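The opening position of the sequence shown corresponds to residue -15 in the numbering used here, with each subsequent residue numbered one higher. Just so it is clear, CB atoms sit at the ideal spot from N, CA and C, and this is done for glycine as well. It should be emphasised that the depicted structure is a prediction, and the values quoted were computed from it without experimental measurement.
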Amino acid sequence: MRQHVANLHDLILQLLPKDGSSIGNIKLQQQLTEAAAFSFSEKDYWRVRDALIADGVLGKGQGRGGSVFLAQPSASKPSSLAEQVLAKHRPQAEDNQMTSDSVTGAELYATYQHDTKATSRPDVGVQEQFNARKPPKQYRYDSSLAPELRWDENAERDFAEWLLNLVAEAAEKGEARVFTEAQVWNGNGESFNSLSQCVARLKSLTQPFLNWAGKAERQQISVPTVPLFVHERHSTQNILKTLESHRAAGTMLDLFGDNADKDIADQLDAYTHKEQWANRLILGDSLQVMNSLLEYEGMGGKIQMVYIDPPYGVKFGSNFQPFVRKRDVKHGRDEEMIREPEMVKAYRDTWELGLHSYLTYLRDRIQLSKELLTDSGSIFVQISEDNLHLVRNMLDEVFGVGNFVSLISYVTTSGFPSLTLSRAGDYIVWYAKNKEKIKYKPLYEKKFLGDDSAKEYKWIELADGTTRSLTKDEWSGLVSLPDGARAWRYGPLTSSGYSEESSKPFIFEDKQYSPGPNNHWKVSRVGLENLAKKGALIARKNSLARYMYLGDFPVKAINNLWTDTKWGFDAGDKAYVVQTNQKIVERCMLMATDPGDLILDPTCGSGTTAYVSETLGRRWITCDTSRVPLALVYCF
């Protein structure tokens, strides 16, 4: 018997995935049965499995029936960017960790590269010789779906009649014949290529819309199409290699890894060929930068996520926080005013027409964001309660009501002073380019005894198999559980609704149990029998339940209320008034992107989005109108 146990032990280790991925207990048992040249019982499997887990050789995973994985997978060189990022954050065994004394100079730094190629860009210094200029780009708005809410059924009567004529003509002659070429409305140049497009536009004409000063007169915008010139290339690896290569000679001509040897002809021929991808920090107006990405670099439909943290548009002063150690900047004080124009621009809430200019500024950038996003892409707009309602209406207009994903509320402070209810947080509005194709991965966080998600775990199973209720201190987490003990709760085994097969009584410990009138068992009869064999069934007064251990379900799904994002105790201290907690951006990025995906932040600020993107192995582009915030990003 001992030999069989030893053989089973070795066979389990042999069949487990060597890369550390998990395998279900049921599937593993099936593979063991097929591969074993000896007989063993299910009880033998669970005994050996539990012993391997107790020894730290295996880890317990999730899934129906549970799963296991090698706690110390064999090391191999990551073959993709995703694997490189996972390997970077995967905890290593203590035996495999190097001491500082054993690290050689060559191991002091490393890098990963994105396989994606980028359109080449010219270096600064060739502006006058660069002749590949393009005319300004015109962007037209849909004026019918546009802050004051209004309802106007007659404003576009002629347009509506023209659309109705198109619909009637298509019904008479056939859609294919009418739309052999695009039908264009002379009033605003809007074109239609299908009957469904006409019908959707007709429906939109009677929708309430948001209006503001200058919107009706601004049916389209003209954005200068300018090339982006490279000023500096920063690479930690290149810097260190340069220092090493010039150590003997004592001269350093190329500290930042710039392409000093790049041929002038290649620079003048920029935007016509590809080069290695490099993340980018751009100085310039975000609207012009986004237009250049579209027109010069062909990035339309290639950006996976846009994160916009605009000025909240609450106070329309022009003060600026000049010192990291002094964050209480007061609006209107002469001593707080900064004379340098760039500093006045940075983080400003100053708009010529107040809220009207603010809404125009924001709509322009949201419109171009939509052009840049992939079909599976997402846009996140961070905003306070003051203009949340207006921003949502605007996003409905640009992206469509049906592409709204979620309104995320997050805590930033214990509460701002107020005569009424204090404000303790802000919001992130999440929209998809196309909700049916959205890239989304749910996030989870660990459960702890006493949490709302784990308040039903009121009992404990000790190492000897006996059970008792948790003490108050154990349940609240003030006292650790005894060694080998597991917290558990009663797991329901019935659901509502009658089923001829699943509503039959089940006999357990010589007593018959029914799921109840108009109910059925959640698991099949075979599943109930398996639970009984494993000792996982509990006989209650008139029903059956199962043991549900906290360790078997150790996580809970994160919803749209984030209470662990407060500055200070939960997230460290912030250095700038407008700085965003990294955890907030990180969660958005993890939900909507994969390693290697491209992120755009047209409101750079303190560079939180760029920093998080770099940490998670995402490609990124960010920009700002001032050198001040860009300089702050270098500090991080």
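Output needed for residue i: all residues of its chain with C-beta closer than 6 angstroms, excluding positions within five of it in sequence on either side, in chain order.
i    : result
G285 : T358
Q260 : none
Q366 : D293 and I412
Q76  : Residue placement at Q76 is poorly supported in this model, since its pLDDT is 46, which falls under 50; the coordinates are not used for a value here.
R309 : Summary for R309: the model assigns pLDDT 46, below 50, so the residue's position carries little reliability; its value from the coordinates is reported in the next sentence. Cβ within range, chain order: n/a, list empty.
L186 : L147
K456 : none
I350 : V382
R347 : M378
Roughly how far, in whole angstroms, is the beta-carbon of residue i from the beta-carbon of residue j, given that I think they are within contact range, below 8 angstroms?
i    : j     : result
Y280 : Q204  : No, Y280 and Q204 are not in contact; Cβ-Cβ is about 20 angstroms, not under 8 angstroms.
L179 : A154  : 5 angstroms
V395 : G384  : Actually they do not touch by this definition, with Cβ atoms about 30 angstroms apart.
L16  : L(-3) : So it is not a contact: roughly 11 angstroms between Cβ atoms.
P586 : C607  : 6 angstroms
D522 : R509  : Note on residue identity: the sequence assigns Ile, not Asp, to residue 522. The Cβ separation is near 18 angstroms, so there is no contact.
Y291 : I583  : 7 angstroms
V207 : K121  : 5 angstroms
G386 : K439  : That pair is no contact at about 37 angstroms.
Can you tell me where the alpha helix (DSSP H) with residue i in it begins and where it stops?
i    : result
V596 : T592 to T599
V32  : E26 to A38
R509 : R509 to K517
M378 : L372 to F383
R161 : E159 to V162
S453 : No alpha helix (DSSP H) holds S453; the beta strand (DSSP E) holding it covers T451 to S453.
E570 : Q566 to A576
In terms of alpha-carbon separation, which member of the options lies closest to residue i?
i    : options                   : result
L405 : T17, L446 and E369        : E369
W639 : G591, A20 and K442        : Summary: the structure shown does not reach residue 639, with the chain confined to residues -15 through 620, and so no result is reported for it.
D548 : N170, F24 and I392        : I392
F213 : L265, W146 and D99        : L265
K423 : I363, R407 and Y497       : I363
N502 : K517, Y482, F492 and L515 : Y482
A471 : E484, L194, S5 and K431   : K431
L427 : L277, P208, V612 and I568 : I568
T100 : D581, P466 and V463       : D581
G449 : D467, V539 and C182       : D467
A629 : G173, V183 and E165       : Residue coverage of the chain in this structure runs from -15 to 620, which leaves residue 629 outside it and unanswerable.
V375 : N195, E159 and L42        : N195
L545 : K419, L528, Q272 and S390 : S390
M575 : G45, S104 and S360        : S360
A55  : I7, W30, Y29 and E26      : I7
E493 : E484, G511, P476 and K517 : K517
CA-CA distance, residue i and residue j?
i    : j     : result
T593 : F176  : 38 angstroms
S460 : Y474  : 19 angstroms
V168 : E156  : 19 angstroms
Q97  : G50   : 37 angstroms
M289 : E513  : 48 angstroms
Q14  : H(-7) : 15 angstroms
Y497 : V52   : 32 angstroms
G519 : M532  : 12 angstroms
K550 : D435  : 18 angstroms
V382 : K11   : 48 angstroms
G4   : E165  : 56 angstroms
F24  : K417  : 54 angstroms
S610 : K421  : 36 angstroms
V507 : N9    : 17 angstroms
S464 : K525  : 31 angstroms
G158 : N172  : 26 angstroms
Determine the extent of the beta strand (DSSP E) in which residue i is found, giving its start and end residues.
i    : result
V52  : S51 to L54
R407 : R407 to A416
I363 : L357 to I367
C607 : R603 to D608
S480 : T478 to S480
D265 : The residue asked about is misnamed: residue 265 is Leu in this sequence, not Asp. It spans R264 to L267 - the beta strand (DSSP E) in which L265 sits, taken as one unbroken run.
W459 : Not the beta strand (DSSP E): W459 falls in the alpha helix (DSSP H), residues K456 to S460.
L528 : L528 to Y533
M289 : I287 to I292
S483 : S483 -> no beta strand (DSSP E), and no H or E assigned at all.
I491 : F490 to F492
N9   : Careful: N9 lies outside any beta strand (DSSP E), inside the alpha helix (DSSP H) at N9 to A19.
Taking 7 angstroms as the limit between beta carbons, can you name the residues of its chain near residue i, skipping five residues before and five after?
i    : result
P499 : T478, S487 and W505
K442 : S453, L454, W459 and R473
K44  : I37, G50, V52 and G535
Sorted by chain position, which residues of the same chain lie with C-beta nearer than 8 angstroms to residue i's C-beta, five sequence neighbours on each side aside?
i     : result
N263  : A594, S597, E598, R603, W604 and I605
L(-5) : L16, A19 and A20
A495  : At residue 495 the sequence reads Lys, which differs from the Ala that was named. Counting only Cβ-Cβ distances below 8 angstroms, and skipping sequence neighbours, we find A523.
C588  : L265, A594, T606, C607, D608, P613, L614 and V617
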